[in-house]
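> In the order they appear, the protein sequences are chains A and B.
Going by this note's numbering, the first residue of the first sequence is number 572, and it counts up by one from there.
Going by this note's numbering, the first residue of the second sequence is number 3, and it counts up by one from there.
C-beta atoms are modelled at their ideal positions from N, C-alpha and C, and glycine is treated no differently.
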Amino acid sequence: MRSVFVMCFIIVISLVSCSGNRDLPGHQKKTDHQLTSISSTKKMVKIEAGSYEAFIGKDSGRVVKVESFYMDEAPVTNGEYLQFLKKNPQWTRSKVLKLYADSTYLKYWKNDYEIPPHISPEAPVTNISWYAAEAYAKSVGKRLPTIDEWEYAALADRVSKNASRNPAFTGFILKSYQKTDKNKQLIKQSQPNYYGLYDMYGMVWEWTYDFNSVMMSGESRKDKTTNESLFCAGAAVTSSDLRNYAAFVRYALRGSLKADYCLNNLGFRCAKNTEN
Amino acid sequence: MRKSLFITAVLAALIQTNSCKQNDSKIAEGQTDTEKIATDGSSETQKLVAPPNVPNPIGDRAARKVIVKLETIEKTGELADGTQYHFWTFNGTVPGSFIRARVGDDIELHLKNNENNTFPHNIDLHAVNGPGGGAEATFVAPGTEKVFNFKALNPGLYVYHCATAPVGMHIANGMYGLILIEPEGGLPKVDREYYIMQGDFYTKGKFGDKGLQEFDMDKAIAEHPEYVVFNGNTGALLGDGELQAKVGETVRFFVGNGGPNLTSSFHVIGEIFDKVYIEGGSKINDNVQTTVIPPGGASIVEFKATVPGEYVIVDHAIFRAFNKGALGKLKVTGPENPAVYKKN
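1) In terms of residues, what are the limits of the alpha helix (DSSP H) holding V169 (chain B)?
2) Would you tell me roughly how many angstroms separate the C-alpha atoms of G826 (chain A) and G210 (chain B), rounded to the nearest one?
3) How would you list, in chain order, the residues of chain B whose beta-carbon sits under 7 Å from the beta-carbon of Y816 (chain A)?
4) For H2 (chain B), count neighbouring Cβ atoms within 10 angstroms of its own Cβ and tell me buried if that reaches 16, exposed if not.
5) How about Y671 (chain A) and A703 (chain A): do their beta carbons lie closer than 8 Å?
6) So for D719 (chain A), helix, strand or coil by DSSP?
7) With the cut-off set at 8 Å, would you say V303 (chain B) and V230 (chain B) are in Cβ contact?
8) Going by C-alpha distance, which of B:V309, B:D35 and B:I223 is nearest G348 (chain B)?
9) Along the region 705 to 730 of chain A, where does the CB come closer than 8 Å to a CB of chain B? Name the residues.
10) Please give the ranges of any beta strand (DSSP E) in the region 116 to 182 of chain B, keeping only runs that are unbroken, at least 3 residues long and fully inside the region.
11) Measure the beta-carbon distance from I109 (chain B) to A154 (chain B) and round it to whole angstroms, keeping in mind my assumption that it falls under 8 Å.
12) For M572 (chain A), count neighbouring C-beta atoms within 10 Å of its own C-beta (all shown protein chains included) and say buried if the count is 16 or more, exposed if not.
13) Give, in chain order, every unbroken run of the alpha helix (DSSP H) that is at least 4 residues long and sits entirely within the region 665 to 743 of chain A.
14) Taking V334 (chain B) as the reference, give the member of B:Y313, B:G261, B:F150 and B:K344 with the closest Cα.
15) Is it buried or exposed, Q762 (chain A), if we count other Cβ atoms within 10 angstroms and call 16 or more buried?
16) Does the Cβ-Cβ distance between K277 (chain B) and D288 (chain B) come in under 8 Å?
17) Spatial neighbours of T663 (chain A) within its chain, please: CB distance less than 6 Å, with the 5 preceding and 5 following residues excluded, ordered by chain position.
18) Please decide whether F141 (chain B) counts as near chain A, where near means a Cβ-Cβ distance under 8 Å.
19) How would you write the range of the alpha helix (DSSP H) that M615 (chain A) sits in, first residue to last?
20) Less than 6 Å between C-beta atoms, sequence neighbours within five positions excluded: which residues of the same chain meet that for L907 (chain A)?
21) Nearest-angstrom Cα distance between V775 (chain A) and D202 (chain B)?
22) Could you spell out the range, first to last residue, of the alpha helix (DSSP H) harbouring R322 (chain B)?
23) Taking only beta carbons into account, state which residues of the region 767 to 784 of chain A come closer than 7 Å to chain B, listed in chain order.
24) When the Cα atoms are used, what is the spatial distance from P227 (chain B) to E638 (chain A)?
25) Under DSSP, the beta strand (DSSP E) around R104 (chain B) begins and ends at which residues?
26) Among A:Y769, A:M642, A:L837 and A:F576, which one has its Cα closest to the Cα of K617 (chain A)?
27) Using 10 angstroms around the beta-carbon of E705 (chain A), count the other beta-carbons present and answer buried if the total reaches 16, otherwise exposed.
28) Which same chain residues end up closer than 6 Å to F740 (chain A) when comparing Cβ atoms and leaving out the 5 residues on each side of it in sequence?
29) Quick check: what's the CA-CA separation for H598 (chain A) versus V68 (chain B)?
30) Could you tell me the alpha carbon to alpha carbon distance between R322 (chain B) and G272 (chain B), rounded to whole angstroms?
31) So, do the region 139 to 147 of chain B and the region 119 to 126 of chain B have three or more beta carbon pairs nearer to each other than 8 Å?
32) Just tell me which of B:A174, B:H128, B:G336 and B:D83 has its CA closest to the CA of E281 (chain B).
33) Are R658 (chain A) and I690 (chain A) close, meaning C-beta to C-beta below 8 Å?
34) Write down the C-beta distance between K843 (chain A) and F640 (chain A) rounded to the nearest angstrom, noting that I regard them as a contact closer than 8 Å.
35) Sort out for me which residues DSSP pairs Y641 (chain A) with in a bridge.
36) Verify the CB distance criterion: does N263 (chain B) have a CB-CB separation below 8 Å to chain A?
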């Protein structure tokens, strides 16, 4: 009798200890969410490994190394997200767990399976939380890009890998941020960048895997969770390039997010490791 | 002998310590530890109005809870005749609504970021004693709202502004306003009160170029504005926007400077400020022609309208008034006053 108990105990322990860790992209295992995989024909482009100067933080100016990876050429669209919902009804607006999306999830969709009126299926999907973006990425066998990866890919203008020192490029970015109704435009209408990526600017803000790492990375000199570097005086002190206001804007936006937030002009695109 | 000597010494000491008490502030007489001011249990939601108007004076009411609701709104508006600009605003105006409370009030500030906005925002009120002036507590993504509470410990006229990175850009686009914390008993009564806030604007095009103008980062860093205006528009205090007063009335201007860069040399042509609350604080200067208001600062000026006519409000760094838009008008109506001013 006792040995039965011991056996059960050992089995239970071994089951529990094998629950996966989802901490690093590429090491993710299936979550408990019973996702149904779907196929995606979305084109991905390869971003070769490289390095760049980190923009923000106590050690700003440090060199960030990025491994080769694949990135969706454009943000995930309403049409693509709808395909995901059809196979994964647990992510429709009426069924989604409140823990994973706040009350503005798919706010403007007509119903669970109808995209907003007057918006094209080829426009980027918005009003989705980080959890939802993560789930979509997993369902197509991909993941979300990290901040480092996204920022690295975004350094490119049309003709070069790194246009961050080009003031005309910074001006172009700032101007694109002023556009309104960004979530209503079709993807791939403007010129792609050096890598073949479309709509890195002038469309929607994009979720990244570690969007909140800037705020909680221990850069703060005090024991607080918020990073004062993003406010007022602190920002001027730690940026590696004071004039890189465009990047400031992106980091500020990321810092203001929580994982369950669903914004009108926040979407996402997926990434994938090069080794399968 | 000893006893009387002792008593004299004690008396002398008492007189000495009393006479050495500084009382240099006419407003802050008997300033208690303002942290200890208790509110009376009532609460009001402040009814906000658009500039150049201000909420009613607080009078001699007791300290109470005041609820203030602000919403950040990014919108295109007119910077000058035929010239548009993407303003970022508090409550849809540049400057944002004037907030009015008294020392000891517990202020509950709600900051909402309109869901159609692109950028995150927050607020730093110079009237707050606390980290970031409220900036950390009110950092909001579009579509979200945050609340924080602060007790007004210091009377005075204070600037508030957005403090989200990049801060210069948020301020340059119009995210500033004023909050007045009246002293106990309220400011002395006057007949007219108006709210004016100066700001410098940096556009890619030149002053007067028509159409939608973009923000120019290089000009902002070089501190070379194309426009210097009152209340967000070259014509805000002109034409239909002219301020009004009658002969014999006392007029008070709450004047702020949102910057981001330029200091104002505030002057009303044809008037002298009978009173200037220096730097928006408690010290009052008398008989001032032009007063200095730094970016991120404010001042209260008071005068009596004595002669009818049009009085031009300027930044006396004069090319800004005539070539960049730092110009407004006050119209005084009423009977002539030849004893004070007479043209032949």
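If we stick to the structure as given:
1) What you label residue 169 (chain B) is simply residue 167 of the second sequence in a count that begins at 1. Note, V169 (chain B): alpha helix (DSSP H), V169 to A174.
2) Stepping through the first sequence from its first residue, residue 826 (chain A) is reached at position 255. Stepping through the second sequence from its first residue, residue 210 (chain B) is reached at position 208. Cα to Cα, the separation comes out at about 38 Å.
3) In the first sequence, the residue the question calls residue 816 (chain A) occupies position 245. Within chain B, the residues near Y816 (chain A) are P168, M171 and M219.
4) The question about residue 2 (chain B) has no answer here: the residues shown for chain B are numbered 3 through 346.
5) In the first sequence, counting from the first residue as 1, residue 671 (chain A) sits at position 100. In the first sequence, counting from the first residue as 1, residue 703 (chain A) sits at position 132. Yes, Cβ-Cβ distance for Y671 (chain A) and A703 (chain A) is below 8 Å.
6) By 1-based counting over the first sequence, the position of residue 719 (chain A) is 148. Of the three classes helix, strand and coil, the one that applies to D719 (chain A) here is helix, per DSSP.
7) Along the second sequence, read from residue 1 onward, the residue named residue 303 (chain B) stands at position 301. Along the second sequence, read from residue 1 onward, the residue named residue 230 (chain B) stands at position 228. No; because the gap between Cβ atoms is not below 8 Å, this pair is not in contact.
8) Nothing about residue 348 (chain B) can be reported from this structure: the residues present for chain B run from 3 to 346 only.
9) none
10) 147 to 153 and 158 to 163
11) By one-based count along the second sequence, residue 109 (chain B) stands at place 107. By one-based count along the second sequence, residue 154 (chain B) stands at place 152. Yes, I109 (chain B) and A154 (chain B) are in contact; Cβ-Cβ is about 6 Å, under 8 Å.
12) The residue given as residue 572 (chain A) occupies position 1 in the first sequence. M572 (chain A) should be labelled exposed.
13) 701 to 710 and 718 to 724
14) What you label residue 334 (chain B) is simply residue 332 of the second sequence in a count that begins at 1. When each option's Cα is compared against that of V334 (chain B), the closest is B:Y313.
15) Within the first sequence, numbered from 1, the residue matching residue 762 (chain A) stands at position 191. That one is exposed.
16) Counting from 1 along the second sequence, the entry for residue 277 (chain B) is found at position 275. Counting from 1 along the second sequence, the entry for residue 288 (chain B) is found at position 286. Yes, these two residues count as a Cβ contact at 8 Å.
17) Here residue 663 (chain A) is taken as the residue at index 92 of the first sequence, counted from 1. Taken in chain order, the residues that qualify are L656 and D683.
18) Start at 1 with the first residue of the second sequence, and residue 141 (chain B) comes out as number 139. At least one chain A Cβ lies under 8 Å of F141 (chain B).
19) On the first sequence, position 44 is the one that residue 615 (chain A) refers to. It is not in any alpha helix (DSSP H) - M615 (chain A) instead sits in the beta strand (DSSP E) that spans M615 to I618.
20) What is shown of chain A runs 572 to 847, which leaves residue 907 (chain A) out entirely.
21) Taking the first sequence and counting its residues from 1, the one referred to as residue 775 (chain A) is at position 204. Taking the second sequence and counting its residues from 1, the one referred to as residue 202 (chain B) is at position 200. Computed Cα separation, rounded: 30 Å.
22) Residue mapping note: residue 322 (chain B) aligns to position 320 of the second sequence, counting from 1. I320 to N325 is the span of the alpha helix (DSSP H), which, as asked, contains R322 (chain B).
23) none
24) The residue given as residue 227 (chain B) occupies position 225 in the second sequence. The residue given as residue 638 (chain A) occupies position 67 in the first sequence. If you take the alpha carbons of P227 (chain B) and E638 (chain A), they lie about 44 Å apart.
25) Within the second sequence, residue 104 (chain B) is the residue found at index 102, counting from 1. It spans I101 to R104 - the beta strand (DSSP E) in which R104 (chain B) sits, taken as one unbroken run.
26) Locating residue 617 (chain A) in the first sequence gives position 46, counting from the first residue. Ranking the options by Cα distance to K617 (chain A), first place goes to A:M642.
27) On the first sequence, residue 705 (chain A) is found 134 positions in, with the first residue counted as 1. Buried, by the Cβ-count rule.
28) Here residue 740 (chain A) corresponds to residue number 169 of the first sequence, with the count starting at 1. Once the five neighbours on either side are set aside, the close Cβ partners of F740 (chain A) are D728 and A734.
29) What you label residue 598 (chain A) is simply residue 27 of the first sequence in a count that begins at 1. What you label residue 68 (chain B) is simply residue 66 of the second sequence in a count that begins at 1. With a pLDDT of 43 at H598 (chain A), under the threshold of 50, the predicted position of this residue should be treated as unreliable, though the coordinate-derived value follows. Each residue's Cα considered, the two are about 52 Å apart.
30) Locating residue 322 (chain B) in the second sequence gives position 320, where the first residue counts as 1. Locating residue 272 (chain B) in the second sequence gives position 270, where the first residue counts as 1. Near 18 Å, if we compare the C-alpha coordinates of G272 (chain B) and R322 (chain B).
31) yes
32) To locate residue 281 (chain B), count along the second sequence from 1; it is residue 279. Answer by Cα proximity: B:H128.
33) As a working note, residue 658 (chain A) is residue 87 in the first sequence. As a working note, residue 690 (chain A) is residue 119 in the first sequence. Note that residue 658 (chain A) corresponds to Lys in the displayed sequence, not to Arg. No. Outside cutoff.
34) By 1-based counting over the first sequence, the position of residue 843 (chain A) is 272. By 1-based counting over the first sequence, the position of residue 640 (chain A) is 69. Between F640 (chain A) and K843 (chain A) the Cβ distance is about 7 Å, and since that is below 8 Å, they are a contact.
35) As a first step, residue 641 (chain A) is located in the first sequence; it is residue number 70 there, counting from the start. Paired residues: A:K617 and A:K843.
36) The sequence position of residue 263 (chain B) within the second sequence is 261, counting from 1. So, not an interface residue.
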